[in-house]
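Whatever position you read off the sequence shown (first residue = 1), add 8 for the working numbering.
Backbone N, C-alpha and C define an ideal beta-carbon position, used for all residues, glycine too.
This one's a predicted model, so the numbers in the text were calculated from it and none came from an experiment.
Notes for the one structure printed next.
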Amino acid sequence: MKLFYQFTYLTIVIALSGCNDSSTVNTNNNQQDTSMLEPVSSIAQKPVSQPNTNIVLLDLVDFSSVEQQAWVKNTASQTEVTNNKLKILFSAQHNISTTTIKPEKPWDLSALSRYNLAFNVTNSQDKSVHFYLSVENNAAEYQSRSISIAPNYKGTVYFPLDGVEANSETGLWGDAPPWKTDDLLMVWRSWRADKVDLSQIAALNFFTIGLLESQAIEISDIRIRQNPELDPQWMQNIVDKYGQNSQVDYALKVKSDSQLAQQTEQELAQLDASTGMSDRSAYGGYTKGPKLKATGYFRTEKINGKWWMVDPDGNVFFSHGPANVRMANMSTLTGVDYKDNKVRYRSPDETTPEDSMGTVQIPQAIKDTHYVSSTLRHKMFEWLPKYSDPLAKHYSYRRSTHKGAMKHGETFSFYQANLERKYGNDTPGAYLKKWHQVTLDRMKDWGFTSFGNWVDPAFYQAKQVPYFANGWIIGDFKTLSGSVNHWGLMPDPYDLEFAKRAKITIDEIADSVDSSPWCVGIFIDNEKSWGEREGSVEQRYGIILDALSKNVIESPAKKAFSDHLKQQYKDIKQLNTAWDSDIEDWHTFDSGVRFTHFSTLQTSDLSKLLELLGEQYFTIVHNTLAEKMPNHLYMGARMANWGMPDEIIKASIKYSDVLSFNIYEEGMQTNFWQFLEQVDLPVVIGEFHIGSNEGSGMFNPGIVHASGQQDRADKYKKYMQSVLEKPYMIGAHWFQYIDEPITGRAFDGENANIGFVTVTDTPYPALINAVKEVTSTMYQQRLDNK
Numbered sequence: 009m010k011l012f013y014q015f016t017y018l019t020i021v022i023a024l025s026g027c028n029d030s031s032t033v034n035t036n037n038n039q040q041d042t043s044m045l046e047p048v049s050s051i052a053q054k055p056v057s058q059p060n061t062n063i064v065l066l067d068l069v070d071f072s073s074v075e076q077q078a079w080v081k082n083t084a085s086q087t088e089v090t091n092n093k094l095k096i097l098f099s100a101q102h103n104i105s106t107t108t109i110k111p112e113k114p115w116d117l118s119a120l121s122r123y124n125l126a127f128n129v130t131n132s133q134d135k136s137v138h139f140y141l142s143v144e145n146n147a148a149e150y151q152s153r154s155i156s157i158a159p160n161y162k163g164t165v166y167f168p169l170d171g172v173e174a175n176s177e178t179g180l181w182g183d184a185p186p187w188k189t190d191d192l193l194m195v196w197r198s199w200r201a202d203k204v205d206l207s208q209i210a211a212l213n214f215f216t217i218g219l220l221e222s223q224a225i226e227i228s229d230i231r232i233r234q235n236p237e238l239d240p241q242w243m244q245n246i247v248d249k250y251g252q253n254s255q256v257d258y259a260l261k262v263k264s265d266s267q268l269a270q271q272t273e274q275e276l277a278q279l280d281a282s283t284g285m286s287d288r289s290a291y292g293g294y295t296k297g298p299k300l301k302a303t304g305y306f307r308t309e310k311i312n313g314k315w316w317m318v319d320p321d322g323n324v325f326f327s328h329g330p331a332n333v334r335m336a337n338m339s340t341l342t343g344v345d346y347k348d349n350k351v352r353y354r355s356p357d358e359t360t361p362e363d364s365m366g367t368v369q370i371p372q373a374i375k376d377t378h379y380v381s382s383t384l385r386h387k388m389f390e391w392l393p394k395y396s397d398p399l400a401k402h403y404s405y406r407r408s409t410h411k412g413a414m415k416h417g418e419t420f421s422f423y424q425a426n427l428e429r430k431y432g433n434d435t436p437g438a439y440l441k442k443w444h445q446v447t448l449d450r451m452k453d454w455g456f457t458s459f460g461n462w463v464d465p466a467f468y469q470a471k472q473v474p475y476f477a478n479g480w481i482i483g484d485f486k487t488l489s490g491s492v493n494h495w496g497l498m499p500d501p502y503d504l505e506f507a508k509r510a511k512i513t514i515d516e517i518a519d520s521v522d523s524s525p526w527c528v529g530i531f532i533d534n535e536k537s538w539g540e541r542e543g544s545v546e547q548r549y550g551i552i553l554d555a556l557s558k559n560v561i562e563s564p565a566k567k568a569f570s571d572h573l574k575q576q577y578k579d580i581k582q583l584n585t586a587w588d589s590d591i592e593d594w595h596t597f598d599s600g601v602r603f604t605h606f607s608t609l610q611t612s613d614l615s616k617l618l619e620l621l622g623e624q625y626f627t628i629v630h631n632t633l634a635e636k637m638p639n640h641l642y643m644g645a646r647m648a649n650w651g652m653p654d655e656i657i658k659a660s661i662k663y664s665d666v667l668s669f670n671i672y673e674e675g676m677q678t679n680f681w682q683f684l685e686q687v688d689l690p691v692v693i694g695e696f697h698i699g700s701n702e703g704s705g706m707f708n709p710g711i712v713h714a715s716g717q718q719d720r721a722d723k724y725k726k727y728m729q730s731v732l733e734k735p736y737m738i739g740a741h742w743f744q745y746i747d748e749p750i751t752g753r754a755f756d757g758e759n760a761n762i763g764f765v766t767v768t769d770t771p772y773p774a775l776i777n778a779v780k781e782v783t784s785t786m787y788q789q790r791l792d793n794k
């Protein structure tokens, strides 16, 4: 999942405490006593009085002042001041709508400590408003957070800027509230920005992304407040034995095994009685639609000006369902690690990325070397099983992480443990087999037509629901670095090792799919670091500039680019004239060159080189797939809308059967995505979601926020409406099936309410009802819309 948005002037990035016994950690060798692995019960907490959150250190803006009103600048938004309140109207006609408050001189907070930014918000509408705030310093560095404001809300929102509350790396994407208050805590836009000095604030940027309807809020009394005393139990014992928030109650919270068993029995009876939707083919196609040529495999066809998939039996097909239906990436770090380095061994021949690894069983000899690596994480859990417990099979290990409080360590999956509690394990793996069948039954009952990307390969053999296979091209090939390397460096597709690793990956996929007609298509890679869609030359063409800085001997991409430029420019003088450069000779160019300014012709050449790099990548992937899996659709590279340069889209069009984009916005804005009508290829959304803290017990609602579970369901329907009305759209996949662990998935700390089901495998009723509304009418709607 991705989480950055880039635009011209602003980058939005977006313990076994169970140990409440007398066990201690040997501080000389950091070795944990094995008795700490006893199950943990909740530690009694003293009542915490409501802290004083109203100590104002500095008032930032007086909207009644004409001089300070001039600090307000709008980009695709409108503002007006009334009664010392700033009303902001965010526009749905632009992808990003921004209001910036930039004082003549930065606000100086250097004499302060432990402070938060607070402001009053009024939402007078009958719909929620999801907006972002980026707090920017003198160096144009920033921290970004976001929030959903409920309809008719009037209150205070806050953003910790300094102190333990702001600076602790908990390994979570969204933390527990640091003190008791009725004020609303903004959550991280993405992972927290490291080492951003906010003792000087140069600007406040309020913005929205991808609105389907223009939205308005009023803000006032923007101020810097003293942080209250931190809750002494902050981030401690926040998770109960079911992996739920231990500090709050909500409707779907499970409080006993008997309650879990009762609701499981009820759902199984309902699923057993369900007949699904009667107008569906075996593959989920629409049997009441036009009958088309049946090829025995999925394909695409344009019918009356509208793109469709066609199922193997010749029925029109629209792909809708959840992505990431698997156990991989559903575990969380316990705060424990092992001294034995054998657990961190990585074979150079591996084809599965770390975050896609399933449960790894750790030998007891390695577990015997356990110790507390992160006390903060170690204390988050009320309970974890000791190693002799039957549920200890759900411990695993991450050899490396992408973000967070630990570089590697032991993990535990509460979701898997809950499945065993629900379905039992009379024979080894029985709970997993039952989970597979229940999931398939839900797909049919809910009206979903396919799984999205990253589905458990066990579903491949079920032959009940179509799926998309996937693979990552990983290996020891050369790489290129851009301005943003979200999931890692960009592979150098000119390196022969890249082609070799692509073949190994695709051979493996082909073996697992085994030419099954149930496989719709293949996704290869995800959200690669191509560069930004907009912004500076460095932001758009960073990977090309990185290649040019290298020696042709060490960089295959540089060698390819050098050869191309030598054909275009017969001598170095011609290149210098075009690029306004003073490179001595081609030998100097081949040794590596860097640039600080860019002529128009040079920018045009960089654009061409990016297109060539894209073509090289897509040629290798397409040709390898065509050779090994000729009957399956190549679904493109799942580009994030922050990283989909025009050059890469142009290159992908030539080689992809379907284009794929991950679109984390409130929906598909018609104007912003209009270019896809000219592209004239079918398009699928690889990822989208909406989440909420309310009604889920979660600390983070995900990338797109709702104000509650019903609002979440309503936003889902509006999103799908914006997809279904587009003539080029043939599918949309929700990320993901299950809520992320409340203490963060082990790989990077994401801990959002983005599932159709909770950590106890309990479906969210409002969202499921909304799904059924959409799936029961989506075929008719697309066929009826002219």
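Task: Length at least 4, wholly inside the segment 305-330: the alpha helix (DSSP H) runs in chain order - done: For the segment 305-330, not a single whole alpha helix (DSSP H) run of length 4 or above is found.
Open item on the list: If we define contact as Cβ-Cβ less than 8 Å, is Asn323 a contact residue for chain B?
Closed with: Going by chain labels, chain B is absent from the structure shown, which holds only one protein chain.
Open item on the list: Considering just the uninterrupted stretch of the beta strand (DSSP E) at Trp742, what are its terminal residues?
Closed with: For Trp742, the uninterrupted beta strand (DSSP E) segment begins and ends at Met737 to Phe743.
TODO: Have a look at the DSSP bridge pairing and note the partners of Met647.
DONE: Per DSSP, Phe669.
Open item on the list: Going by DSSP in three states, Gly795 sits in which element: helix, strand or coil?
Closed with: This structure does not reach residue 795, given that the chain is present from 9 up to 794, and the question cannot be answered.
Open item on the list: Does the contact criterion of 3 or more C-beta pairs under 8 Å hold for the segment 659-670 versus the segment 546-559?
Closed with: no
Open item on the list: From the DSSP secondary-structure annotation, give me the bridge partner or partners of Met746.
Closed with: The question names Met, but residue 746 in the sequence shown is Ile. In DSSP, Ile746 forms a bridge with Val765.
TODO: Determine the contact status of Gln744 and Pro330, defining contact as a CB-CB distance below 8 Å.
DONE: yes
- [ ] Mind the definition here: the segment 464-480 touches the segment 349-368 only if three or more C-beta pairs lie below 8 Å; say whether that holds.
- [x] Under the 8 Å Cβ criterion, the segment 464-480 counts as touching the segment 349-368, having at least three qualifying pairs.
Open item on the list: Please determine whether the Cβ atom of Ala659 lies at a distance below 7 Å from any heavy atom of the ligand GTP.
Closed with: Here there are no bound small molecules, and the ligand GTP is not part of this structure.
Open item on the list: Are the CB atoms of Val129 and Tyr166 within a distance shorter than 8 Å?
Closed with: no
Open item on the list: Taking 6 Å as the limit between beta carbons, can you name the residues of its chain near Gly251, skipping five residues before and five after?
Closed with: Phe422 and Val767
Open item on the list: Only counting the same chain, and skipping five residues up and downstream in sequence, which positions put a Cβ closer than 6 Å to that of Gly699?
Closed with: Pro709, Gly710, Ala760, Asn761 and Ile762
- [ ] Less than 8 Å between the CB atoms is what I'm expecting for Thr487 and Phe420, so what's the real figure, rounded?
- [x] Not really, about 33 Å apart at Cβ, beyond 8 Å.
Open item on the list: Does the contact criterion of 3 or more C-beta pairs under 8 Å hold for the segment 389-398 versus the segment 307-321?
Closed with: no
- [ ] Look up Trp181 in the DSSP assignment and say whether it is helix, strand or coil.
- [x] coil
Open item on the list: Please give the ranges of any beta strand (DSSP E) in the segment 398-423, keeping only runs that are unbroken, at least 3 residues long and fully inside the region.
Closed with: 403-406 and 417-420
Open item on the list: Just list the residues that DSSP pairs Ile776 with in beta bridges.
Closed with: Answer by DSSP bridge pairing: none, since Ile776 is not bridged.
Open item on the list: I'd like to confirm the pairing. Which residues does DSSP put opposite Leu125 in its beta bridges?
Closed with: Phe167 and Ile232
TODO: Could you check what DSSP says for Met338 in three-state terms: helix, strand or coil?
DONE: coil
TODO: With a threshold of 16 other CB atoms inside 10 Å of the CB of Glu673, please say whether the residue is buried or exposed.
DONE: buried
TODO: Assign Phe467 to one of three DSSP states: helix, strand, or coil.
DONE: helix
Open item on the list: Restricting to runs no shorter than 3 residues, where is the beta strand (DSSP E) found entirely within the segment 54-121?
Closed with: 64-67, 80-83, 85-90, 93-98 and 104-109
Task: Span separating the alpha-carbon of Ser529 from that of Ser664 - done: This sequence places Gly at residue 529; Ser is not what is there. Ser664 has its alpha-carbon roughly 11 Å from the corresponding atom of Gly529.
Task: Extent of the continuous alpha helix (DSSP H) run through His572 - done: Where His572 is concerned, the enclosing alpha helix (DSSP H) starts and stops at Pro564 to Gln576.
Open item on the list: Could you give the first and the last residue of the continuous beta strand (DSSP E) run that contains Ser797?
Closed with: Because the chain is modelled from 9 through 794, residue 797 falls outside the range shown and cannot be assessed.
TODO: Please classify Gln816: is it buried, with 16 or more other beta-carbons within 10 angstroms of its beta-carbon, or exposed?
DONE: Because residue 816 is not part of the residues shown, which for the chain are 9 to 794, the question remains open.
TODO: Starting from the C-beta of Ser156, find all residues in its chain whose C-beta is less than 8 Å away, skip the five residues before and the five after it, and write them out in chain order.
DONE: Cβ neighbours of Ser156 beyond the five flanking positions: Ser136, Val137, His138, Ser700, Pro709, His713, Ala714, Ser715 and Asp719.
Open item on the list: Mapping the DSSP letters down to three states, classify Arg429 as helix, strand or coil.
Closed with: DSSP places Arg429 in helix when its eight states are reduced to three.
Open item on the list: For Gln610 and Thr178, what's the separation of their Cα atoms in angstroms?
Closed with: 44 Å
TODO: Tell me whether Val712 sits in a helix, a strand or coil according to DSSP, three-state version.
DONE: coil
TODO: Determine contact between the segment 586-595 and the segment 510-519, defined as no fewer than three beta-carbon pairs at a distance below 8 Å.
DONE: no
Open item on the list: For a quick check, are the C-beta atoms of His416 and Thr367 less than 8 Å apart?
Closed with: no
TODO: Below 7 Å CB to CB, which residues in the same chain sit around Ser544 once its five sequence neighbours on both sides are set aside?
DONE: none
Open item on the list: Please report the distance separating the alpha-carbon of Val56 from that of Gly752.
Closed with: Bear in mind that a pLDDT of 46 at Val56, under 50, signals an unreliable position, so the number given afterwards is only what the model happens to contain. One C-alpha to the other measures close to 26 Å.
Task: Spatially closest choice to Ser228 from Val89, Glu173, Met335 and Pro320, by CA coordinates - done: Val89
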